[in-house]
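Scroll down for the structure; my scribbles are underneath it.
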Amino acid sequence: MVFKIPYKVRVLVGVASLAAGSAFLLLHVFMGNGYPPNDMIVFSMLMMLVPSMTVDWIHYRWVSLVDKAIPRLIRAISDAQEVGMTLPRALEEAAKLKLGPLTREVKKLVAQMSWGLPFEEALARFAERIGTLNARRFSVLVNEASLAGGDIKAALKATAEFINEMFEIEEERYREMKAYLVIIYMGFFVFIFIIVVLMKSFFIPLTTIQVGELVPIQISPAELSRVFFHMMVIQAVFSGLVAGKMSEGRVLSGLKHSLVMLVIGYFVFRYFLPW
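Under my numbering, think of the first position of the sequence shown as 851, with each following residue one higher.
Here it is in structure tokens:
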């Protein structure tokens, strides 16, 4: 199920999850021996990432479904006008269609008009509630058409076609940027692979070295692994954010990529390197 999540709620969830994850990590720093276990680092990162990622995904999934339903709404209004219906009446008929999350908003628009709210004001509130560029375009177009009068079927159909073309352009851009998304993932996997090779073939054999005959230098494999683990966490988070920006145009869309990379890196370190 998807639904709209207000901006203030999304910000509150993001701040709260960031604060909770940071507090959990700092608690182990001050109550432990100065360095939190790697498991605790991953758990605190999950506390920071998962709530924000979930809220962001739910909201923008709702936005995507609403935007994609707007051309169908416009066509329904245009078809209703072809049989002689007025714009308000056409909207009432469109509210009976299955338009996904948009159906609820159209029904609310029709209900407000039935309560006596002026048509133009109801449309403006409709666009404000949805908050997307396509919703504002729809509101402005229908408002202007209502004020101008006359036959607007051609204008409505042209608007629906324009919005569909914009979706096609966006999908084409997404397909083209998938190559860069793959490159980012491959870069992360190469980074992990190099760490494993270095640890297995170079650093671990040198964890106990002898300088002269009397001065042994002890280097714990776990300490070396911890340093690389911290590097992996940083790499996973920022690589994921870059992947989201490049593939979907939004940094927050990269939270899911950060989560995937973080989990993969955690299991590699957990089962293939000193822990």
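Beta carbons: idealized from backbone N, C-alpha and C, even for Gly.
Backbone CA spacing between residue i and residue j [nearest angstrom]
i, j, result
"H909", "L991", "25 angstroms"
"L1056", "I1019", "55 angstroms"
"N984", "E1022", "18 angstroms"
"A926", "G1094", "35 angstroms"
"M898", "I1044", "28 angstroms"
"R954", "A945", "8 angstroms"
"R922", "F1017", "13 angstroms"
"V1092", "M1027", "12 angstroms"
"G1090", "M895", "13 angstroms"
"A930", "K948", "16 angstroms"
"F1012", "D889", "50 angstroms"
"E1098", "I1069", "44 angstroms"
"E1015", "R986", "17 angstroms"
"F880", "A873", "10 angstroms"
"R1120", "V861", "33 angstroms"
"G1037", "Y857", "34 angstroms"
"I1033", "W965", "55 angstroms"
C-beta atoms of residue i and residue j nearer than 8 angstroms
i, j, result
"L959", "A974", "no"
"L1031", "M1096", "yes"
"V1146", "L941", "Past the edges of the chain, shown from 851 to 1125, lies residue 1146, and the structure says nothing about it."
"V916", "I855", "no"
"W907", "K1106", "yes"
"I803", "A1010", "In the structure as shown, the chain begins at 851 and stops at 1125. Residue 803 is therefore absent and cannot be evaluated."
"M840", "F1078", "As displayed, the chain neither begins before 851 nor continues past 1125, which places residue 840 out of reach and without an answer."
"F1052", "Q1085", "no"
"V1110", "V1046", "no"
Own chain, CB closer than 6 angstroms to residue i, minus 5 neighbours either side, in chain order
i, result
"F988", "I920"
"S1075", "L1123 and P1124"
"V892", "Y1116"
"S1103", "G1094"
"A977", "A985, R986 and S989"
Reduced DSSP category for residue i - H, G, I as helix; E, B as strand; rest coil
i, result
"T982", "coil"
"D889", "helix"
"V1106", "The residue asked about is misnamed: residue 1106 is Lys in this sequence, not Val. In the structure shown, K1106 sits in a helix (DSSP, three-state: H, G or I)."
"R987", "helix"
"G966", "coil"
"P1124", "coil"
"V852", "coil"
"L1064", "Residue placement at L1064 cannot be trusted, given a pLDDT of 46 that sits under 50; the coordinates are not used to answer."
"G1099", "coil"
"S867", "helix"
"I1069", "coil"
"L949", "coil"
Contacting residues, own chain, Cβ-Cβ under 8 angstroms from residue i (five flanking each side not counted)
i, result
"A1005", "L991 and A995"
"P901", "V863, G864, A866 and S867"
"P887", "H878"
"M935", "E943"
"V859", "V905"
"K1007", "I924, R925 and S928"
Residues near residue i by beta carbon distance below 7 angstroms, same chain, minus five either side
i, result
"E932", "K1003"
"L1064", "Any reading at L1064 is ruled out, since the residue's pLDDT is 46, under 50, leaving its predicted position unreliable."
"V852", "I908, R911, W912, L915 and P951"
"M963", "P938, F969 and A972"
"S1108", "L899, A1086, V1087, G1090 and L1091"
"M903", "L1105, K1106 and L1109"
Which full runs of the alpha helix (DSSP H) of 4+ residues lie inside the region 878–947, going along the chain? 888–932 and 937–944
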